[in-house]
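Undergrad: In short: position in the first sequence from 1, add 68, done, that's the working numbering.
Yeah, the Cβ is synthetic: ideal placement off N, Cα and C, and Gly gets one too.
These numbers come from a predicted model, not from an experiment.
One structure is given below, represented as structure tokens, and several questions about it will come after.
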Amino acid sequence: MGRAPCCDKASVKRGPWSPEEDELLRSYVRSHGAVGNWIALPQKAGLNRCGKSCRLRWLNYLRPDIKHGGYTEQEDMVICSLYNSIGSRWSIIASKLPGRTDNDVKNYWNTKLKKKAMAMHHHQQQHYHHHAAPQSQCASYMQPSPASASSAVTTASGDAGSFGAMYSPSHQAAPLGHYNVNTAAPLAEFSAMPTPAAANSWA
DNA sequence: AATGCTCCCAACCGCAACTAT
DNA sequence: CATAGTTGCGGTTGGGAGCAT
């Protein structure tokens, strides 16, 4: 026996949200506080939307503390080092970046950071061909990580896993399986991690 | 100006985990 | 304990915006 669908897709609106719908959802959450039941919310709020869709819209876009774009070098490094350590666990990575959502971090990685990492990976390989050991601070920061061999990373989307490895800081989180979400360092702790020179070399 | 291409991001989908009964 | 309902997550896609030809 299959699981019942969360809503009747045929009778529910899909696609982009209108400003009116945003306001309905925002005002409902504002007046009712934490949403207990997202499935029931659309009806109560007067929205012809799937509960799942409402939840996603709120979490990824309407929440008051959301930041969009404008990623800092420091945030880049947090994302890459955590990706290296735990793979594509976007919700965990996002939880270390105040104001960022898993969807946002995921999009940012897929559209920008991955390419940046690939470019640096290419550059790094050329560097290794000419030098026995990395000499720049950037290169030392990008030392391949033991964690990159973990199942977490090897199961992460193809080549991207190994690219993530390049950004591993010297003190990494434990590989998946030993990774403790509760003890993972928040963003502030990363401030002591890479050198300014390493951070600058990203641009 | 028209067309095609690429990039980016919001949103959807399906599954797993969790919770209630 | 078993089942159903709900939530959370990660992968993927659709389509608009901007750029190149």
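Are the segment 104-111 and the segment 135-152 touching, with three or more C-beta to C-beta distances below 8 Å?
TA: The segment 104-111, when compared against the segment 135-152, does not touch it at the 8 Å Cβ threshold.
Undergrad: Can you tell which of Ser153, Lys184, Ile147, Ile154 has its C-alpha closest to the C-alpha of Asp172?
TA: Translated into the one-based positions of the first sequence, residue 172 becomes position 104. Minimum Cα distance to Asp172 is reached at Ile147.
Undergrad: Mind checking which residues open and close the alpha helix (DSSP H) that includes Tyr96?
TA: To locate residue 96, count along the first sequence from 1; it is residue 28. Where Tyr96 is concerned, the enclosing alpha helix (DSSP H) stretches over 87-100.
Undergrad: Measure from the alpha carbon of Pro132 to the alpha carbon of each residue in Val97, Ser79, Lys183, then state which is nearest.
TA: For the purposes of this step, residue 132 is taken as the residue at position 64 of the first sequence. The shortest Cα separation from Pro132 among Val97, Ser79, Lys183 belongs to Val97.
Undergrad: Let me know the secondary structure DSSP gives Lys112 once reduced to three states.
TA: Here the question's residue 112 lines up with position 44 in the first sequence. In the structure shown, Lys112 sits in a helix (DSSP, three-state: H, G or I).
Undergrad: How long is the line joining the alpha carbons of His191 and Glu89, rounded to whole angstroms?
TA: Working through the first sequence from its first residue, we reach residue 191 at position 123. Working through the first sequence from its first residue, we reach residue 89 at position 21. Looking at the two C-alpha atoms, the distance is approximately 47 Å.
Undergrad: Could you tell me the distance, in whole angstroms, from the CA atom of Ile154 to the CA atom of Gly104?
TA: Here the question's residue 154 lines up with position 86 in the first sequence. Here the question's residue 104 lines up with position 36 in the first sequence. Distance between the alpha carbons of Ile154 and Gly104 is about 30 Å.
Undergrad: Is the distance from the Cβ of Trp158 to the Cβ of Lys180 below 7 Å?
TA: In the first sequence, the residue the question calls residue 158 occupies position 90. In the first sequence, the residue the question calls residue 180 occupies position 112. Not a contact, by the Cβ cut-off of 7 Å.
Undergrad: What three-state label does DSSP hand Arg125 in the structure shown?
TA: Stepping through the first sequence from its first residue, residue 125 is reached at position 57. Looking at Arg125 - three-state DSSP - the assignment turns out to be helix.
Undergrad: Pull up the distance between the alpha-carbon of Asp170 and that of Ser149, whole angstroms please.
TA: In the first sequence, counting from the first residue as 1, residue 170 sits at position 102. In the first sequence, counting from the first residue as 1, residue 149 sits at position 81. For Asp170 and Ser149, the distance between alpha carbons rounds to 16 Å.
Undergrad: Report all residues from its chain with a CB closer than 8 Å to the CB of Leu92; omit the five preceding and five following residues, and keep chain order.
TA: One-based indexing of the first sequence puts residue 92 at position 24. Here the set comprises Ala113, Gly114, Leu115.
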